[in-house]
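So the sequence lines, in the order shown, correspond to chains A and B. For the first sequence, counting from 1, position 182 maps to 350 in my numbering; every step adds exactly one. For the second sequence, counting from 1, position 165 maps to 333 in my numbering; every step adds exactly one. We treat Cβ as the ideally placed atom computed from N, Cα and C, and that holds for glycine. Since the structure is predicted, the reported quantities are computational estimates derived from the model, not experimental observations. So the structure is just underneath, and the comments pick up after that.
There are 2 protein chains.
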Amino acid sequence: MASTSSLTLSQALLARAISHHHASNPSSSDRVVSLPTHTIPTFSGLKSSHSKSSTGVHHRRRRVSDYSLQVRASVAQTPIVDKTTDISLVEKSVNTIRFLAIDAVEKANSGHPGLPMGCAPMGHILYDEVMRYNPKNPYWFNRDRFVLSAGHGCMLQYALLHLAGYDSVKEEDLKSFRQWGSRTPGHPENFETPGCEVTTGPLGQGIANAVGLALAEKHLAARFNKPDNEIVDHYTYVILGDGCQMEGISNEACSLAGHWGLGKLIAFYDDNHISIDGDTDIAFTESVDKRFEGLGWHIIWVKNGNTGYDDIRAAIEEAKTVKDKPTLIKVTTTIGYGSPNKANSYSVHGSALGAKEVDATRKNLGWPYEPFHVPEEVKKHWSRHVPDGAALESEWNAKFAEYEKKYKEEAAELKSIIYGELPAGWDKALPTYAPDSPADATRNLSQQCLNALAKVLPGLLGGSADLASSNMTLLKMFGDFQKNTPEERNVRFGVREHGMGAICNGIALHSPGLIPYCATFFVFTDYMRAAIRISALCEARVIYVMTHDSIGLGEDGPTHQPIEHLASFRAMPNILMLRPADGNETAGAYKVAVLNKKRPSILALSRQKLPQLPGTSVEGVEKGGYTISDNSSGNKPDVILIGTGSELEIAAKAAEELRKEGKAVRVVSLVSWELFDEQSDAYKESVLPAAVSARVSIEAGSTFGWEKIIGSKGKAIGIDRFGASAPAGRIYKEFGLTAEAVIAAAKELS
Amino acid sequence: MASTSSLTLSQALLARAISHHHASNPSSSDRVVSLPTHTIPTFSGLKSSHSKSSTGVHHRRRRVSDYSLQVRASVAQTPIVDKTTDISLVEKSVNTIRFLAIDAVEKANSGHPGLPMGCAPMGHILYDEVMRYNPKNPYWFNRDRFVLSAGHGCMLQYALLHLAGYDSVKEEDLKSFRQWGSRTPGHPENFETPGCEVTTGPLGQGIANAVGLALAEKHLAARFNKPDNEIVDHYTYVILGDGCQMEGISNEACSLAGHWGLGKLIAFYDDNHISIDGDTDIAFTESVDKRFEGLGWHIIWVKNGNTGYDDIRAAIEEAKTVKDKPTLIKVTTTIGYGSPNKANSYSVHGSALGAKEVDATRKNLGWPYEPFHVPEEVKKHWSRHVPDGAALESEWNAKFAEYEKKYKEEAAELKSIIYGELPAGWDKALPTYAPDSPADATRNLSQQCLNALAKVLPGLLGGSADLASSNMTLLKMFGDFQKNTPEERNVRFGVREHGMGAICNGIALHSPGLIPYCATFFVFTDYMRAAIRISALCEARVIYVMTHDSIGLGEDGPTHQPIEHLASFRAMPNILMLRPADGNETAGAYKVAVLNKKRPSILALSRQKLPQLPGTSVEGVEKGGYTISDNSSGNKPDVILIGTGSELEIAAKAAEELRKEGKAVRVVSLVSWELFDEQSDAYKESVLPAAVSARVSIEAGSTFGWEKIIGSKGKAIGIDRFGASAPAGRIYKEFGLTAEAVIAAAKELS
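Now the structure itself:
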C-alpha cells in the first residue's frame, strides 16, 4: 500500500510533461493524473551497488576501494577503480555520443557539434556511471539534476537522453533536430524535452539555475531529512564553458554557491580555449581557478578531458567527499575532438562539419557506421538504465513509505512540495482591507501578504538583492537560509539581481511546490531581465517583488526611477505584469501569482503610502481590469478614467470632482493587462464599452502602448522622459501627474 | 598663438556643459562656442612640482624621494613623504567633507551619509593631493578621471567638487541636495553636474565605465603619443563598494581590465563590510583579493582607511609604478566613521543621521561649526586648485601647441576626437545601393557601413561580445585592441554584454569624438539593458549593433529570438530604435546614429538575406517613417501597409499583389518611431493621413504599441508568443508572417 501511494507521487509529477506549454489555466496542473501502466517503473529490486558506502558517497556500477584522495588532484594517481565496463566499450559509447551529435547537426545543417565532441567523455561518465535517474520518469523527485549551461551543445544532452532510454528523445527526434515541432530544439528547453531540467542557451543562466537546484536540495534536505531517513538526497551536475565563465551572472551565482557551501553542486568547466571569436586568449586570460578559489569553491583540474576517463571519475569521487564547498572540475578538452581538420578551432563551434569533414572524422575515429547508428553493444550496455532507474525510484518510494509512516506531518508537507498542490483554502490566509484601513505603501502590504502566505504555503521561500528592508520581503517567522541554517526560508542574495532571478528559476523548476520570490527595485529588473525572460519562457512560477515602482520613490532620481518598465514587460510573452493600487489589490496580485503555476508574475509596488480605495477587490484583480466606481447607467459613462497602482488614487479623486460637476464617470483599475486581455469580449465591453471613446489614462510610466486601451481619441497621462531627483510629491506635480490634469483631459474629451 | 588655439580647444569642450540635457538636434554641439572670459583659466606658469619624475610617476604638491615599493604592501612602512600639508589640516579637511555630506543629507532628510564619512580620507587625498584637474574647465581633455561607482555616496563627490572650486557645486547647490532643479541630484549625473564624468548609482556601472575611460586613454595614448611628447596621459580613479563588487557587471569589466593591462586604472574598494541588509557576512564572504588576483590585477590592502593617510598615499604611489596591470586598493573603512552610535551599521548607509546623532557626531569629531560651514583654513588650503588647475591646463595647451607644430596630421585627428567635430562630408563615405544591388543580410550591410565609416571617423572603435563573425563587426583595416596593441580599434569584449555596454558608455564620455559601437544578438540586449538605459540617460552616443533581430534567425530557437525587444526600447526615453530594411536604410541608420551626439542608437539587423527595395533612402530613415511606394493619389490610399526591417519586403510584395487587383496601396517604412514622432504634424499626415483608417502593419515582433500607428481599426500582424526552433522560412509561415496574411487583412479593411 505504502509503496503504491509513493509511486503515485512520482507519477503525478510525470503528468507535468504532458501539460500544454503555454497553458494559462492556473488550476490545470493541480490534479493528480494517473498514468498509463506502461510508464510505471518495474520493481526489479535493489542492487547492492546502489547502496551508500560508509563514507556517505554513492557508488554505482563500480566499487571503490581505498581510493586515495588528493585535495587538488589534477591527474588521478592510478585510481584503483574496478570498472565493470571495459575501456573499448566506453570509447565506443563516447564515440556514439559524438557521432549522434555530428550526424544530427549535419542533417539539420545547423547546430554546434564542437562541444558534444569534446564533452562526450564527461557526458558518458555522468549519465552512464554516476547519475541516479529514472529514464521513464524524468520527474522522479529524488533524481540527480543535470544542467547543460553551455546550452548550444544540446546534442550532447539529447544523445545522452536517447542512449539512457528517455522517451523524449527517440531516434526520429534526433533526426528532426532543430526542425519545426520537434522535441529537440536548438537549445535545451525543459518545456519541450522531459529530461532537460531547465532552459539554457543564453550563457551563464544554466550554472545559476544549477545553483538554484542545489539550493533547493540543500533546503529540502535540511527541512525533511531524518537521521534514519535521508529522503532528500541528490546531486546537481552542470557543464559550463568559457562563455558561461565570462558572463557576470555566473560569477554572481557561483559567489553565492560558495557562500552557501553547496557541497552537492558539481560543475564541470569545459576548458577548451575556444569561443566563437576564436582562441579565448583574445578576451579571456584570467585565472578561473584563482577566481573560484576566491569564491570559496573546491577546484580540481582534469588535464586530459578527451580520453582521461579515470581522471574524470576520480575528480567526481573527490568532489563528492568535499561536503562544505561546491566543486569546479576544470576539464581541459579539445573542441571538436576527433575532427582531423577542424578540432581545436572556432569553425567547429557552431556549424555543421560538412560532408567531407564528417567522413574524415569517421575515418579518424574508426567509425564505420551509418549516420545515427547506435552499435548493438552500446545499445545493450545502456539498456540497463531503464530497469535500474525504475529500481532506484522504487527504492526511494519504499523509503518514502517508511518516512510517511514515521513522520506523518513532514511527509505531508514534503508531498505538497513534490506535487505542487495548494492546501485547500490557502488564499483565505491573505489579508483583506476596508476603505478605512490605514493607508500604506503597497510594498508594506506586500510584506503582510508574504508573511500570511508563508504560514500556509510550505514551498514559499525567497528574498531580496540586498534590499530586504526596502522591498519589505523578510518572512518574520523564519531565519536566514545560510550555510549552516539551510532549513530557513529568507534567502539573502546580496547585490546580485541577475543571479537571483536565475537561481529562482532553478528553485521553481526543482519541485512544483516550491514557490520562490525575489525582490529588488523595479528599475533594476534591467539587471535581471534575461533571467526574467527565461522564467517566462521556461514556465517557472517565480514571483518578482519589485518595489519603488515609479518616480514616486523620489530623491534617488532618474537612475532609480522606472519609466519604460511596465510597457517593456507588458510586451513580454507569458508573464503577468501586476501593478496593484492598495491592500486588496496587492492580496489579489499574490493570489494570481500563486495560482499561475506556469508563468511568472511581476508585482510593481509603491514606496509611498497609498489609501485603501473603495471598490478594489481580489476578484477584480483576477480579471486584470475592472470598474472600481461608476455613477453612470446603461454602460455609457461620459468618460472613463483608467489608472494603475499608485495613480488609481488620482483617477478616483478626479472622478469625485467630475461627478460633483454632474459628469457620469467610471473609474477602471487596469492592474494586469494580460489578465484583462484573457477575459471574454462581453466582459471587456462591460468595462470599456466600445461606444465610449472619452477615455483618460494615468500611470506614472511611459505612455507607450496605452493607445490600445484609450483608443485614438483618448488621452494618456504618463511620463515619456527620464525622471528627476526631488521629493516625490514635487515630481508628480512637475510632471503633470495630478487630478487636475485628469479632470482637464476628461473635460476636453467629454 | 599656439597656446590660444589650444585654449580654444578645451573651451569648446566646456561648452558641452551648457547644452540642453535632452537636446536632440544632432548638430547643436558641433560648433565651437567661445566662452565668457571669466571661465578662461589664468596662465600662472608651470610649477616644477607638476613635472614628471624620472620614474614616470606624476607627483603633485609633494616630493617623493627614495620611496620604497612593496609589491603587496598592506601598510606603508613609514613612507618618506615630504608633505606640505600638516596632518591637522588634513584632518580638518577630511572632517569638512564628512560634515558637508552629513549636513546635506540631514537638510534633504534623504541620502547616504555612511560612505562619504568612511571614504572622506581617500576622497581628500585624491582631490587634494593626487588628481590633476582644472576646476574651471571640467572638460579639460587631459584631466584625471574620477568615478564614484558607489554612486549613492555622491555627497562625497559633491563636497570634493565644492572644495576644489568647481562652479557646478556652490554652497547653495549643497543646500539643495536632492531637490527639484538642483545640480546635486541623488546620484552622480554627468548631464547635471560638470565634474561628474559619468552617471552612477545602479551598482557596478561606474567601475565598468571607468574601465572604458581607461581603455580610451590607453588607446589614444598609443595612437597619439610621441617619444618626445606624451600628449595623452592621465589616470582613471574609481571608488567602488561591496555592492559594486557583488554585481556581475563589475567582474566582467574587471576581467577585461586585467586582460587589457590597464595600468592607469586605480580602483579603491571601500571595504566597509556593510551593505543595506546589514553585515556583508550574510551574503558576501568571497575573497575579493583572490578573485582580483585571478583577474590579473595588482592588489594592495590599506588596513586603516579611516585615518591611515600615509598608507593611502603609499598605495597610490605603488599603484602608479605597476604599469601593466590595473590596481585594486582595498581600503578597509568604517561606514559612517565618526558617528558614535551609528558607525559600522547599516542604519548609516542610506538615511539621514537625525538631529541628535548629528550633534553627537559633531561632538565626537570635535566639529563646532554650523551646518555647511567650511573652516577658513580649509577653504584657503583648497583655494589653490583653481590657479593650479588653470596652470595644468595651460601647460598641457602649450604641450599641445608644440605637438601640433611637429605632428600636424596627428594633431588634427586628435583634435577632431577632442572636439567631436565630424569631418566635412563624412557621410558621403556611406555606401549606396540600387534595387538591383545584390540581396544581403542587413548585418552584412552594416559591416560595409562600419568599415566605410572607420575610414573617415577617427574616433570609431568597438566590437562584439564574442560574436564578431556573426554580428559582422570587424573593421578590416584595423587589428585588435589588446594589451600590447592598444592603438588598434577592434575591441574583443568576450561574452560580457553588460560590461561591454558600460565600457562603451565610458569610452563615449571620455571624449566627444570617440564613437564606440558594440554588438551582440538583439535578444541579448536583455543582458545589458541596464547599461543601455544609462547610455540613454547619460547621453552617451553608443551605437548598439544588434543582429539576429527576430525569429528570422531560425534554428537557435526561442532563447535566441527577440520578440518584445523592439517595443521595450521604443518605450525607453532618449534612445533611437532603428530597424533598417535594406542597404540604403542601414546606411541611413548609421548616419542618424553618428549625428545624434546625445543619444544612443540601437540598430536591429537581420541574420537573413533581404532584397534592396525600391524607394528606400537615407533621407527617409532620417525622418523615421516614410512612403517607399504608393499608387494612390490625393493622399488617400485604400490601404496603408506598414513594415519595418525584414518585413518591409513582405509589405512591398503584398502591395504589388493588391495593386494588381486595382487597389491604391501605400507602403510605409517605419524604421524609427522616435524620429517619426519628432516630425511635423504636416509631415506625419502626409505619410499616415488621419482619414485612412485601413492600415496593416507587419513586424516580426510583439504587436504591443502598434495601435498607436494603425489606430483602433487597423490590423497588426506580429508575434505575441515566444519563438520556435526551426528554419526561418518555416517559422515565418507557421506564425503567419506572410504576404498572404497582409493581403487578407488589407482586403478585410479596405
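Whose CA, out of A:Lys828, A:Met740 and A:Thr693, lies closest to the CA of A:Asn728? The question names Asn, but residue 728 of chain A is His in the sequence shown. When each option's Cα is compared against that of A:His728, the closest is A:Thr693.
Any idea which residues DSSP pairs B:Asn658 with across the strands? B:Gly630 and B:Asp648
For B:Val499 versus B:Ile480, is the C-beta spacing smaller than 8 Å? yes
How far does the beta strand (DSSP E) with A:Met745 in it reach, from first residue to last? Leu744 to Leu746
Under 8 Å, do B:Ser870 and A:Ala739 count as touching if we go by C-beta distance? yes
Name the chain A residues whose beta carbon is nearer than 8 Å to that of B:Lys458? Lys458, Arg459, Glu461 and Gly462
If you check the beta carbons only, do A:Gly674 and A:Asn377 fall under 8 Å apart? yes
With DSSP as the reference, identify every bridge partner of B:Met714, one or two as the case may be. B:Thr688 and B:Ala772
Give me the Cα-Cα distance between B:Val786 and B:Asp750, rounded to the nearest whole angstrom. 11 Å
Cutoff 8 Å: B:Val663 Cβ touching any chain A Cβ: yes
So B:Leu430 packs on B:Ser418, CB below 8 Å; how close in whole Å? Contact flag wrong, Cβ pair sits at about 14 Å.
How long is the line joining the alpha carbons of A:Trp465 and B:Asp396, rounded to whole angstroms? 50 Å
Do B:Asn764 and B:Arg709 come within 8 Å of each other at the CB atom, strictly closer than that value? yes
I need the DSSP call for A:Leu463, collapsed to helix, strand or coil. coil
Could you tell me whether the Cβ atoms of B:Thr404 and B:Leu381 are closer together than 8 Å? yes
Looking at chain A, is there any beta carbon in it that lies within less than 8 Å of the beta carbon of B:Phe872? yes
What's the gap between the Cα of B:Thr715 and the Cα of B:Ile702? 21 Å
Backbone secondary structure at A:Tyr437 - three-state DSSP: strand
Using C-beta distances below 7 Å, list every residue in its chain close to A:Pro303, excluding the 5 sequence neighbours before and after it, in chain order. Ala332, Gly333, Tyr334, His553, Val554 and Gly557
Helix, strand or coil at A:Asp296 according to DSSP, with G and I counted as helix: helix
The alpha helix (DSSP H) enclosing A:Arg530, as first and last residue numbers: Ala523 to Asn532
Sequence ranges, alpha helix (DSSP H) only - wholly within the stretch 470-544 of chain B, length at least 4: 477-489 and 523-532
Would you kindly work out how many angstroms separate the C-alpha atoms of B:Trp428 and B:Leu316, rounded to a whole number? 22 Å
Using a Cβ-Cβ distance under 8 Å, would A:Pro741 count as near chain B? yes
Contact criterion: CB-CB distance below 8 Å. Does A:Leu214 meet it with respect to chain B? Note that A:Leu214 scores a pLDDT of 31, beneath 50, so its modelled location is shaky; the value from the coordinates is reported in the next line. By this cut-off, A:Leu214 is not an interface position.
Sorted by chain position, which residues of the same chain lie with C-beta nearer than 6 Å to B:Lys394's C-beta, five sequence neighbours on each side aside? none
Would you please verify whether the beta carbon of B:Lys876 is less than 8 Å from any beta carbon of chain A? yes
Quick one: what's got a C-beta closer than 7 Å to A:Gly506's C-beta in the same chain, skipping five residues either side? Arg266, Met285, Thr529, Asn532 and Leu533
Which same chain residues end up closer than 6 Å to A:His320 when comparing Cβ atoms and leaving out the 5 residues on each side of it in sequence? His280
Nearest to A:Met645 by alpha carbon, out of A:Gly897, A:Gly662, A:Leu618 and A:Leu635? A:Leu618
C-beta neighbour in chain B for A:Asn668, strict 8 Å: The amino acid occupying residue 668 of chain A in the given sequence is Met; Asn does not appear at that position. So no, A:Met668 is outside the interface.
B:Asp341: buried (16+ other C-beta within 10 angstroms of its C-beta) or exposed? buried
Every unbroken beta strand (DSSP E) within the stretch 833-915 of chain B, with a cutoff of 3 residues, ordered by chain: 833-837, 863-866 and 883-885
Along the chain, where does the alpha helix (DSSP H) containing A:Ser703 start, and where does it finish? Arg697 to Cys706
Just to confirm the assignment, what range does the beta strand (DSSP E) spanning A:Arg313 have? Arg313 to Leu316
In whole angstroms, give me the CA-to-CA distance for B:Val762 and B:Ala820. 29 Å
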